[in-house]
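Accompanying notes for the structure given below.
Number of protein chains: 2
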Amino acid sequence: MNAIDDIVTAALLVIGDEILSGRTKDKNIGYIAEYCTNIGVDLREVRVVPDIEREIVDAVNALRERYDYVFTTGGIGPTHDDITADSVAKAFGVGIDVDERVLAIMRERFRPEDINEARLRMARIPFGAELVENSYNKVPGFWIGNVIVMAGVPVIMQAMLDGVAPKLRTGAKILSTTIRADMREGDIGAPLAAVAKAHPGVMIGSYPYWDEQGRPNANLIVRSRDEAAMNAAAEGVRRMLEDMRAKP
Amino acid sequence: MNAIDDIVTAALLVIGDEILSGRTKDKNIGYIAEYCTNIGVDLREVRVVPDIEREIVDAVNALRERYDYVFTTGGIGPTHDDITADSVAKAFGVGIDVDERVLAIMRERFRPEDINEARLRMARIPFGAELVENSYNKVPGFWIGNVIVMAGVPVIMQAMLDGVAPKLRTGAKILSTTIRADMREGDIGAPLAAVAKAHPGVMIGSYPYWDEQGRPNANLIVRSRDEAAMNAAAEGVRRMLEDMRAKP
Numbered sequence: 206m207n208a209i210d211d212i213v214t215a216a217l218l219v220i221g222d223e224i225l226s227g228r229t230k231d232k233n234i235g236y237i238a239e240y241c242t243n244i245g246v247d248l249r250e251v252r253v254v255p256d257i258e259r260e261i262v263d264a265v266n267a268l269r270e271r272y273d274y275v276f277t278t279g280g281i282g283p284t285h286d287d288i289t290a291d292s293v294a295k296a297f298g299v300g301i302d303v304d305e306r307v308l309a310i311m312r313e314r315f316r317p318e319d320i321n322e323a324r325l326r327m328a329r330i331p332f333g334a335e336l337v338e339n340s341y342n343k344v345p346g347f348w349i350g351n352v353i354v355m356a357g358v359p360v361i362m363q364a365m366l367d368g369v370a371p372k373l374r375t376g377a378k379i380l381s382t383t384i385r386a387d388m389r390e391g392d393i394g395a396p397l398a399a400v401a402k403a404h405p406g407v408m409i410g411s412y413p414y415w416d417e418q419g420r421p422n423a424n425l426i427v428r429s430r431d432e433a434a435m436n437a438a439a440e441g442v443r444r445m446l447e448d449m450r451a452k453p
Numbered sequence: 206m207n208a209i210d211d212i213v214t215a216a217l218l219v220i221g222d223e224i225l226s227g228r229t230k231d232k233n234i235g236y237i238a239e240y241c242t243n244i245g246v247d248l249r250e251v252r253v254v255p256d257i258e259r260e261i262v263d264a265v266n267a268l269r270e271r272y273d274y275v276f277t278t279g280g281i282g283p284t285h286d287d288i289t290a291d292s293v294a295k296a297f298g299v300g301i302d303v304d305e306r307v308l309a310i311m312r313e314r315f316r317p318e319d320i321n322e323a324r325l326r327m328a329r330i331p332f333g334a335e336l337v338e339n340s341y342n343k344v345p346g347f348w349i350g351n352v353i354v355m356a357g358v359p360v361i362m363q364a365m366l367d368g369v370a371p372k373l374r375t376g377a378k379i380l381s382t383t384i385r386a387d388m389r390e391g392d393i394g395a396p397l398a399a400v401a402k403a404h405p406g407v408m409i410g411s412y413p414y415w416d417e418q419g420r421p422n423a424n425l426i427v428r429s430r431d432e433a434a435m436n437a438a439a440e441g442v443r444r445m446l447e448d449m450r451a452k453p
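What follows is the structure in structure tokens.
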């Protein structure tokens, strides 16, 4: 159990031309965001950058300064456009070479003749990094400083996230309650702002959508690390909605 | 027709706690990425930041310095957590107030009694901004300097993007050809790197996937603004694959 003021932050760096060109639609941001929320890590920023060393190095360095953890996805495969491991080594100013621990794992998975120049790229790990286990197809990610480097293929990334999550420091979870407004956002904006102001330690968000009858509706999400404060604010929101419905 | 060295760049700033918490899965990044590629704008970076003024201001200023255009999505609705317009005004150091042009549009769409304090938030436009048309539900986005501010709800964002796209300067499109490898990435990495090296002006990416028979496969994407160069590199890739298949 963590104290409610115990906050652990993270950023996610998505690496890949294919996301920026729109050819591949990213599925990792939403997954990692939800995962972080569930384990008590606050995802505070996401960046997507192309397969260009300078861009990766600059983003890794900007983000690792600022957040407790930085996750990266993409660019650790066997082809020439997989430059994440080398870029991360450069960001940390450390060397990189084929890692004996990864080689041992690869020897269990591949025939000797298949451990070629391309696959050896996947064994390149910056000096001083820990490996991140991959229960899906074995070849690991790695962890250096506060930066956790994972694959871009969702099923492999998910296995790596499961591998690393138990080792992360986590904070108090942000709890949330969803209240369906059954009113239009534009009709409740002012009283909702008053409720938000009355509960300064609680985040209240309003998310418009069209409901199952095609009517404009809104979900009001009340979020806090403090359960009592969250419940009080949620009660305030419910009362506000009732008051509005009671109006002529 | 643009010259092939005519390059227009853009960044996308996604604003919203709900994306970072994982509650809402972003659908705008992939859509805008593909749209930009199709009209000849290079999307070079994406950032996702929370509903915090300082974060939005800093990201807008970092990105507008660096790219020809910055698109933003999210945070322009009628509730207290919609702080994008005010944050963008602050980033540009200009004032902001209810805009008469937006008010005129709202008067056509809403009954007088529905133009309340909350909905008037949606009419707040930084001084000097142009409006971005919204054919979906009328209330516009805006455009100031090189920053284009759009809604977060996908269908509304898409209408705004259609509204603004004809007014954007565009460059030569990046053309692409996809070649299905029918081999494993790890088996073609080294020869593919040689082809990439022989065609330095062309980007060659390798994207692993499991094909319809469940076998590991890879799509090789050859990209360039220069059609002849792209075709030559694609031919190089095809020949490389044939050579490999011919091997015992």
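Residue numbers (the working numbering), protein chains in the order written: chain E, 206 to 453; chain P, 206 to 453. Heads up, the beta-carbon is just placed ideally off N, CA and C, and yes, glycines get one too.
Each residue's CA atom was taken as its position, placing R259/E and A267/E some 12 Å apart. The beta carbon of Y240/E is closer than 7 Å to those of L366 in its chain, skipping five residues each way along the sequence. Here P317/P is exposed. Its C-beta has fewer than 16 other C-beta atoms within 10 Å. Only exposed fits V303/P, as fewer than 16 other CB atoms lie within 10 angstroms of its CB. Contiguous beta strand (DSSP E) elements confined to the stretch 243-282 of chain E occur at 247-254 and 274-278, taking only those with 3 or more residues.
Around the beta carbon of N233/E, a 10 Å sphere encloses 16 or more other beta carbons of the protein chains shown; the residue is thus reported as buried.
Taking all protein chains in view, the Cβ of V344/E is crowded by 16 or more other Cβ atoms within 10 Å, so the residue is classified as buried. Q418/P has its alpha-carbon roughly 33 Å from the corresponding atom of T229/P.
Within chain P, no C-beta atom comes nearer than 9 Å to that of H404/E; the closest sits roughly 12 Å away. V354/P is the residue among V354/P, I320/P, R314/P and N321/P whose C-alpha sits nearest the C-alpha of I330/P. With a beta-carbon spacing of about 5 Å, A356/E and M362/E fall inside the 8 Å limit used to define contacts. Ranked by Cα distance from N436/E, the first of L380/E, R420/E and D387/E is L380/E. Cβ-Cβ distances below 8 Å link A399/E to M445 in the same chain, with the five nearest sequence neighbours on each side left out; the list follows chain order. Scanning V253/P, A216/P, I224/P and L225/P for the CA closest to the CA of V246/P turns up A216/P.
Boundaries of the beta strand (DSSP E) around G346/E: G346 to I349. Residue state for L225/P is assigned as helix, using DSSP reduced to three classes.
For L336/E, DSSP records a beta bridge to F347/E. A Cβ-Cβ distance of about 13 Å is found for the pair G279/P and M327/P, leaving them out of contact under the 8 Å criterion. The beta-bridge partner set that DSSP reports for G410/P consists of I426/P. The Cβ of S411/P sits closer than 8 Å to at least one Cβ of chain E. When the alpha-carbon of D287/E is set against those of R324/E, D431/E and D387/E, the nearest one is in R324/E.
Only residues of its own chain outside the window of five on either side were considered, and among them V213 and D273 have a CB closer than 8 Å to the CB of R374/P, listed in chain order.
Cβ contact annotation for I301/P (same chain, cutoff 8 Å, sequence separation greater than five): A290, D291, A294, R329, I330, P331 and F332, in chain order. In the same chain as I320/E, and ignoring 5 residues on each side of it, the C-beta atoms closer than 8 Å to its own belong to L308, M311 and R312, in chain order. Sequence-ordered contacts of the stretch 251-262 of chain E with chain P read V251, R252, V253, V254 and P255 [C-beta pairs closer than 7 Å]. Closest option to F315/P, judged by alpha-carbon separation, among N342/P, E338/P and E305/P: N342/P. Neighbours of P283/E in chain P, taken as residues at a C-beta separation under 7 Å, are given in chain order as E390, G391 and G394.
Residue-level contact check: R312/P does not touch chain E, since none of the beta carbons of chain E fall below 8 Å from its beta carbon. Look at V358/P: its C-beta is under 8 Å from a C-beta on chain E. The beta carbon of V262/E sits closer than 7 Å to the beta carbons of S292, K295 and A296 from its chain, once the five residues preceding and following it are set aside; these are given in chain order. Any Cβ of chain E closer than 8 Å to the Cβ of I209/P would place that residue at the interface, and such an atom is absent. Here A264/E has L218, R252 and V254 as same chain residues with Cβ atoms under 6 Å from its own Cβ, once five neighbours each way along the sequence are excluded.
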